[in-house]
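Report on one structure; see the data block that follows.
2 protein chains.
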Amino acid sequence: MSGHQPTPEGTPKVTEILADWVITTQTEDIPATVRAEGLRTFVNWVGCAVGGARHETTDAALRAVMPFSGPRSATVLGRPEKLDIFHAALVNGITSHVLDYDDTHLKTIIHPAGPVVSALLALAEIRPMSGEDFLTAMILGIEVECRIGNCVYPHHYDRGWHITGTAGVFGAAAAVGRAINLSPQQMRWAFGIAASQSSGFREMFGTMTKSFHPGSAAKNGLLAAIMAEAGFDSSERAIEAPRGWAKTTSDKQDWSEIVDGLGTSWEAALNSYKPFACGIVIHPTIDGCIQIRAEIGDKVNEIASVALTTHPLVLELTGKRDPKTGLEGKFSVFHSAACALLRGDGAPTAFTDEIVNSPDIVALRDTITATTDPTCHEASVDIVITFKDGSTLHKHVERAIGSSDVPLSDDQINGKFTVQSAMVIGQEATQKLLDIAWKTPLLSDVGDVARMSAHAAKDQAVAE
Amino acid sequence: MSGHQPTPEGTPKVTEILADWVITTQTEDIPATVRAEGLRTFVNWVGCAVGGARHETTDAALRAVMPFSGPRSATVLGRPEKLDIFHAALVNGITSHVLDYDDTHLKTIIHPAGPVVSALLALAEIRPMSGEDFLTAMILGIEVECRIGNCVYPHHYDRGWHITGTAGVFGAAAAVGRAINLSPQQMRWAFGIAASQSSGFREMFGTMTKSFHPGSAAKNGLLAAIMAEAGFDSSERAIEAPRGWAKTTSDKQDWSEIVDGLGTSWEAALNSYKPFACGIVIHPTIDGCIQIRAEIGDKVNEIASVALTTHPLVLELTGKRDPKTGLEGKFSVFHSAACALLRGDGAPTAFTDEIVNSPDIVALRDTITATTDPTCHEASVDIVITFKDGSTLHKHVERAIGSSDVPLSDDQINGKFTVQSAMVIGQEATQKLLDIAWKTPLLSDVGDVARMSAHAAKDQAVAE
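Chains R and Z, in that order, are what the protein sequence lines are.
Position in the first sequence (from 1) plus 152 gives the number in my numbering.
Position in the second sequence (from 1) plus 152 gives the number in my numbering.
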């Protein structure tokens, strides 16, 4: 980057570089393909936020913060309640992640939209902006978030950080800072205030606090930008300083991941959308099992045993043998495979307490074994079915659906949107919401998307 | 601790141990000497919170959050404004730290009261509690905070974390969790939600974001306890898990620092109070220079040069040769020494823009040299003055005032309280506030202390 001299130690001034870039990039500097992917990211996020709106995790969060809300100007998507922008950002960040059905930047396992969109859309309800400006700020925020993630991945993640929370807060600050037109110095301050709120641990997986991470990142990134705007100052080199964020939280820093190709090569264009409502490491297995079910039909009832060969991360993250709850089911490759074979389902409906305890699924689950193979790609799986008659069937999934090689089509995004949103606001309202979400680039006020989801929730509440 | 089996790997379940202890400890289990130190901690904090109430950092924070406040039930000490409890905790945490005049747990350099008291006192304004119950919860919170700090210090601090923020959030959660009577499981959840908000970097020293750290820890610890109370769950082993807080943020974990002597040996009793309004590493130098001034009187005007021998951390943290602002002056052992010699001052009045640029102080400052000696204790300094006539004077400070060997008397605490509080709410209101603060153990509603500081602020506002 011209005009940005590195420090005497040779470290690029990445905080300054990102701040300048976020402020100065024009909408027309973003290629049409990247903008198109940004729209898919937003549409997918809206469906997830509505889908998680009535989850018990959301109820608990709302019980906690509702009494302390400031001016109720921002929508909790899919619900009649409104909250101040900080608490709305928190709750929407929780809802959009809680079904594990959101989006993934596969290089870092960051779920990019949760922190960024939850913050930016809440802001848009008090500082109205067009859909086009919204998408620009969102794409820039996601780009910042993923590049900062790339800089420290995998060491940062391996250390124990839940990177969606820790990198997400920078993305939220960037998107909001762009939208409220911070000066470059204020944007550097915002990154500093964001850094000092960066947190979230993988230890929380399997608890409500996992979903708290994108919500907290959204709330805190929003606060960082609002405080910087008010003149609250901070370090102007928070990311790269010797005792700054990257060196303190990671044993690897690759600054080139932040600066190389900035504005020409787009991480935001690599976003992917979960076809199944669980951690992505199980997706190849579910994909393969659903394919097998389609091929063999009723013969799924004659399976004697199933042998999986997977990447080692699959058992590390999702090796639960005896899940008892829907949530635990998401962390069980065994349940997920059995449910995919017997029900053909990997949507949120596959991870309810009832389904996880269904006798036929439990019985099949107990016949499933898994072997790990470090040479197995994370997006691959090998499945061998043995039938009661002794015959076998072999299925190899080279790249699972939803991976970068097999992206979800717009229709498939619509499908997952509809499944989860309809559970909350009904079929008719879901269709209207889906229609307006795709029209975001044409909207003069993007807050209409948030408010329409709430109107639908109200209508449904009356109908109940 | 009986009844708490370690994990299979032999790690004590410190999250569970601390949670049980915080919930079950009775007021009468806390020795009178510890309670007395707790009262000194609270009184000192009140003076600092009022003292920082009109700092530009406070103004900036208030400008940012005021429009988003929920029910304005909690006092910003020393000001007429009220905020919802979360934002009040944030702002009071900022004000009480911004003058660098607060308290220090010397083993970890944690400033214990900021996170804990800011959270607990805000809560007390919506859930009234007696002064006695308040002090119990505060002491337990500080004990948790300092023990968690001890567990990871110094590696955690050396890595770059500002430990007042990172350990403080646990203390705030503990104090509030105790006050709202969480169940042991809810208290474990609160520690988990607190962990996932733990942050703050030393890189921010010298900026407003340093003071943001205790404020953010207060706000976030309060949120953690409130969410746990509402049923928002989390890991129940957030501190000690293989990918939990201690292992992710530090390369050292000494669990015995958390569990050994819990309830019999008190870190909360080791709290100290800053005699000077700057980082504690400069305190021996200021102490020595004020002693020299008292001994030589007008001869301070005949000093030709000053040679300091200090612990290496002094120059690392406060080695600024040419400070231009009051804030930069706090990070200059050279300014601090010159000002102590020429003005006898180390209070907030020694760190204004005007004083830092006074020609006589700048001239003397430029004659001062510093040599570091790793064998020099952090609380010691060696000072050699050379006068214009060639004569010399040698002063060795073995342990500075404010260190554990030379604690501030109650009168000295009153002195620093009065100096800073009077700048904000005037002498008369300061005296009333000081009186009620010392009477905290007798109060039926500790919120009266907060509210009295605000009444004084209003009175003064009218008088202005």
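Every residue, glycine too, gets a C-beta built ideally from N, C-alpha and C.
Determine, for Z/W407, whether the minimum Cβ-Cβ distance to residues of chain R falls below 8 Å.
no
Does DSSP put R/N196 in a helix, a strand or coil?
helix
Could you give the distance in angstroms between the alpha-carbon of Z/E381 and the alpha-carbon of R/A216?
8 Å
Could you tell me the boundaries of the alpha helix (DSSP H) in which Z/K540 lies?
Careful: Z/K540 lies outside any alpha helix (DSSP H) and carries neither H nor E.
Got a sec, what are the start and stop residues for the alpha helix (DSSP H) R/T592 sits in?
It is not in any alpha helix (DSSP H) - R/T592 carries neither H nor E in the DSSP assignment.
Cβ shell of Z/G481 (< 6 Å), same chain only, five flanking positions each side left out
P475, H487, F503, V508
Given a cut-off of 8 Å on the beta-carbon distance, is the pair R/T260 and R/Y305 in contact?
At the C-beta level, R/T260 and R/Y305 come within 8 Å of one another.
R/A216 CB to nearest chain Z CB: under 8 Å?
yes
Can you give the Cα-Cα distance for Z/I345 and Z/G190, rounded to whole angstroms?
26 Å
If you draw a straight line from the alpha carbon of Z/E388 to that of Z/D406, how long is it in whole angstroms?
If I take the Cα positions, the gap works out to 19 Å.
Compute the distance between the beta-carbons of Z/I300 and Z/A271, then report whether it is under 8 Å.
no
Return the first residue and the last residue of the beta strand (DSSP E) that R/D255 is part of.
255 to 257
In the DSSP assignment, what are the bridge partners of Z/S484?
Z/G471
Report the residues of the segment 378 to 402 of chain Z with a CB closer than 9 Å to any CB of chain R, ordered along the chain.
I378, M379, A380, E381, A382, G383, F384, D385, S386, S387, E388, R389, A390, A393, P394, R395, G396, W397, K399, T400, T401
Assumed close pair Z/E355, R/G396 - CB separation to whole angstroms, cut-off 8 Å:
5 Å
Output the distance between the C-alpha atoms of R/T582 and R/G367, rounded to the nearest integer angstrom.
23 Å
Counting only beta-carbon atoms, is Z/F483 nearer than 8 Å to chain R?
By this cut-off, Z/F483 is not an interface position.
Going by DSSP in three states, Z/F220 sits in which element: helix, strand or coil?
helix
Terminal residues of the continuous beta strand (DSSP E) containing Z/A456?
455 to 462
Residue span of the alpha helix (DSSP H) that contains R/Y309, given as start and end
If you look at R/Y309, you'll find it in the alpha helix (DSSP H) that goes 307 to 311.
Status (buried if at least 16 other CB within 10 Å, exposed otherwise) for Z/E392
buried
Out of Z/S596, Z/S543, Z/V321, point me to the one whose CA is closest to Z/G352's CA.
Z/V321
Just checking my contact of R/A370 with R/A324 at CB under 8 Å: how many whole Å lie between their CB atoms?
5 Å
Kindly give me the distance between the Cβ atoms of R/T359 and Z/D385, rounded to whole angstroms, as I take these residues to be in contact under 8 Å.
5 Å
Consult DSSP for R/T359 and reduce its assignment to one of helix, strand or coil.
R/T359 sits in coil when the DSSP states are folded into three classes, being neither helix nor strand.
Measuring CB to CB, does Z/L170 end up less than 8 Å from Z/V202?
no
What residues from the segment 330 to 357 of chain R come within 7 Å of chain Z, judged by C-beta to C-beta, listed N to C?
G344, I345, A347, S348, Q349, S350, S351, G352, F353, R354, E355, M356
Nearest CA to the CA of R/V269: which residue from R/P336, R/R224, R/V328?
The shortest Cα separation from R/V269 among R/P336, R/R224, R/V328 belongs to R/V328.
Work out the CA separation of R/R311 and R/S402 for me, nearest whole Å.
7 Å
Closest to R/D252 by CA distance: which of R/D525, R/M339, R/N566, R/G266 is it?
R/G266
Quick one: which chain R residues come within Cβ less than 7 Å of Z/R311?
In chain order: T400.
In this structure, how does DSSP classify R/I182 when only helix, strand and coil are distinguished?
coil
First through last residue of the beta strand (DSSP E) which encompasses R/H156
It is not in any beta strand (DSSP E) - R/H156 carries neither H nor E in the DSSP assignment.
Cβ neighbour criterion (16 or more within 10 Å) applied to Z/G162
exposed
Just list the beta strand (DSSP E) runs in the segment 226 to 298 of chain Z, keeping only unbroken ones of 3 residues or longer that don't cross its boundaries, in chain order.
255 to 257
Can you have a look at R/E168 and say buried or exposed, based on whether 16 or more other CB atoms are within 10 angstroms of its CB?
With 16 or more other Cβ atoms within 10 Å, it is buried.
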